[in-house]
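Colleague: This structure is in structure tokens; I'll ask about it shortly.
Numbering (my numbering), first residue to last: 9 to 133.
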């Protein structure tokens, strides 16, 4: 399943719920529409948490690689984007993410565990 991107240009839609909503029917196991803020104590932590949640959503939909532009768009919308350090923040989290050299990332085992815990804490599952 691919993510529905056509609605990005329409400001009346919440970018978080649209970015995490699969084309067609939403995955009933998760509800990201209730997420109004990315949790975290600083911008780097919020960026990592956003990547975890998006990667988790993609994994549940059978999508292994999450494009970095999606994560970047969401952290910009949530006002926690660090232009100079965005890629470096995600690249240094080697215990959570696998990088393939492409502009994508995938959750590894520890990343999936942390993402699952985070989604449960936020009552998204």
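All C-beta atoms in this analysis are idealised placements derived from N, C-alpha and C, irrespective of residue type, glycine included.
Just so you know, these numbers come straight off a predicted model, no measurement behind them.
Can you name the start and end residues of the alpha helix (DSSP H) that residue 55 belongs to?
Modeller: Taking the chain shown and counting its residues from 1, the one referred to as residue 55 is at position 47. Segment 51 to 68, the alpha helix (DSSP H) holding residue 55.
Colleague: In chain order, which alpha helix (DSSP H) runs of at least 4 residues are fully inside the stretch 85 to 118?
Modeller: 94 to 99
Colleague: Answer yes or no: do residue 56 and residue 101 have a C-beta to C-beta separation smaller than 7 Å?
Modeller: Numbered from 1 along the chain shown, position 48 holds the residue referred to as residue 56. Numbered from 1 along the chain shown, position 93 holds the residue referred to as residue 101. Against a cut-off of 7 Å, the Cβ pair of residue 101 and residue 56 comes out as a contact.
Colleague: Applying the 10 Å Cβ sphere with the 16-neighbour rule, what's the burial state of residue 63?
Modeller: Here the question's residue 63 lines up with position 55 in the chain shown. The residue in question, residue 63, is buried, as its Cβ has 16 or more Cβ neighbours within 10 Å.
Colleague: For residue 78, tell me which candidate among 130, 115, 120, 58 has the shortest Cα-Cα distance.
Modeller: Locating residue 78 in the chain shown gives position 70, counting from the first residue. Among 130, 115, 120, 58, the Cα nearest to that of residue 78 is on 58.
Colleague: Please determine, among 109, 98, 129, the residue with the shortest C-alpha to C-alpha distance to residue 53.
Modeller: Here residue 53 is taken as the residue at index 45 of the chain shown, counted from 1. Residue 98 is the option with its Cα nearest to residue 53.
Colleague: Ignore the nearest five residues each way along the sequence and tell me which others in residue 122's own chain have a CB closer than 7 Å to its CB.
Modeller: Locating residue 122 in the chain shown gives position 114, where the first residue counts as 1. Same-chain partners within the cutoff: 60, 104.
Colleague: How is residue 44 classed by DSSP in three states: helix, strand or coil?
Modeller: By 1-based counting over the chain shown, the position of residue 44 is 36. Look at residue 44 here: in three-state DSSP terms it is coil, with no helix or strand label.
Colleague: Using DSSP's beta-bridge definition, name the partner residues of residue 124.
Modeller: Here the question's residue 124 lines up with position 116 in the chain shown. None, per the DSSP bridge assignment.
Colleague: What's the C-alpha gap between residue 82 and residue 91?
Modeller: As a first step, residue 82 must be located in the chain shown, where it is residue number 74. As a first step, residue 91 must be located in the chain shown, where it is residue number 83. When rounded, the distance between both Cα atoms is 13 Å.
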